[in-house]
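2 protein chains.
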Amino acid sequence: MGVIHKLIGDKDGFDWAEVPVQSYDSLEGGKILGRELVGEQEGARYFAIRYFEVQPRERTTVDQHPYDHGVIILRGEAKALLDERTYEVKFGDVMYISPNQRHQFKNTGDIPFGFISVSPNKKLAK
Amino acid sequence: MGVIHKLIGDKDGFDWAEVPVQSYDSLEGGKILGRELVGEQEGARYFAIRYFEVQPRERTTVDQHPYDHGVIILRGEAKALLDERTYEVKFGDVMYISPNQRHQFKNTGDIPFGFISVSPNKKLAK
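As you go down the protein sequences, you meet chains A and B in turn. So in this note's numbering, spot 77 of the first sequence is number 407, and the numbers just go up one at a time. So in this note's numbering, spot 93 of the second sequence is number 423, and the numbers just go up one at a time.
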């Protein structure tokens, strides 16, 4: 059984039909909204696809974990920290974050910064 | 080691720095361009992220295989076939295509239809 989640949000905040929202704290105390668009709920056994949105001038916490990420930027612009280096990223840029690599995103634009995160099912990648 | 592939293409065709291009035939005899943006080359052991672009009025071949896909539409619009049903999809829509599910994309717009495809490393999903 295939699944289609239609983008129903607008420029103020992307949203998808029938996808629950999770909330995380930004370093500035704001809210980062996350959505699991594809995962075990959809039937995917090997990977998960999530979307996160960071508000202007806010940062994600510095993250580091044993599983890797693919990242696709969907909107806005940010500085991405990978280990000790920062990179400017915007729509369409694609990143690979290695296992245990420190990473963080800082929204440097005037609109929400949104990105897709791909990760292996955590049962695979300890 | 992280990797960043910058989007360097334009509205006539998305392209990424340092990513080789592969070419596939559309049903109409045109060319569908594919790029592996994240895979074993980048160090990813569990998943691959690819981008495909279909020209206006062209279709991908009907595909069916034992591994599943996540799909994120990046540009344009299409009719997506999943088994016997078709769905209209456009920027930001996200799909899950199950193992062995028949699928096909037909570009129904005036610009290239481009989508990200996520799949498990084929060594995992036989």
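The C-beta atom is built at its ideal place from N, Cα and C for all residues, glycine as well.
From residue i to residue j, what distance separates their C-alpha atoms?
i, j, result
"residue 298 of chain B", "residue 444 of chain B", "Since the first residue of chain B shown is 331 and the last is 456, residue 298 of chain B is not available in this structure."
"residue 354 of chain B", "residue 446 of chain B", "16 Å"
"residue 336 of chain B", "residue 421 of chain A", "9 Å"
"residue 348 of chain B", "residue 380 of chain A", "26 Å"
"residue 452 of chain B", "residue 369 of chain B", "11 Å"
"residue 433 of chain A", "residue 404 of chain A", "18 Å"
"residue 338 of chain B", "residue 407 of chain A", "15 Å"
"residue 418 of chain B", "residue 394 of chain B", "20 Å"
"residue 358 of chain A", "residue 442 of chain A", "15 Å"
Of the residues the options, which one's Cα is nearest the Cα of residue i?
i, options, result
"residue 377 of chain B", "B/397, B/419 and B/389", "B/397"
"residue 384 of chain A", "A/429, A/349 and A/365", "A/365"
"residue 449 of chain A", "A/435, A/432 and A/427", "A/427"
"residue 362 of chain B", "B/375, B/334, B/338 and B/391", "B/391"
"residue 541 of chain B", "A/400, A/440 and A/441", "Because chain B is modelled from 331 through 456, residue 541 of chain B falls outside the range shown and cannot be assessed."
"residue 367 of chain B", "B/425, B/429 and B/345", "B/345"
"residue 439 of chain B", "B/374, B/334, B/409 and B/375", "B/409"
Using DSSP with H/G/I as helix, E/B as strand and the rest coil, what is residue i?
i, result
"residue 431 of chain A", "coil"
"residue 446 of chain A", "strand"
"residue 425 of chain B", "strand"
"residue 420 of chain B", "strand"
Give me the DSSP bridge partner(s) of residue i.
i, result
"residue 436 of chain A", "A/389 and A/409"
Using only the heavy atoms of the ligand HEM, determine whether one of them is closer than 7 Å to the beta carbon of residue i.
i, result
"residue 452 of chain A", "The ligand HEM is not among the ligands present in this structure, which contains no ligands whatsoever."
key: Unbroken stretches of the alpha helix (DSSP H), 4 residues or longer, contained in the segment 335-415 of chain B   = Taking 4 residues as the minimum length, the segment 335-415 of chain B contains no alpha helix (DSSP H) run wholly inside it.
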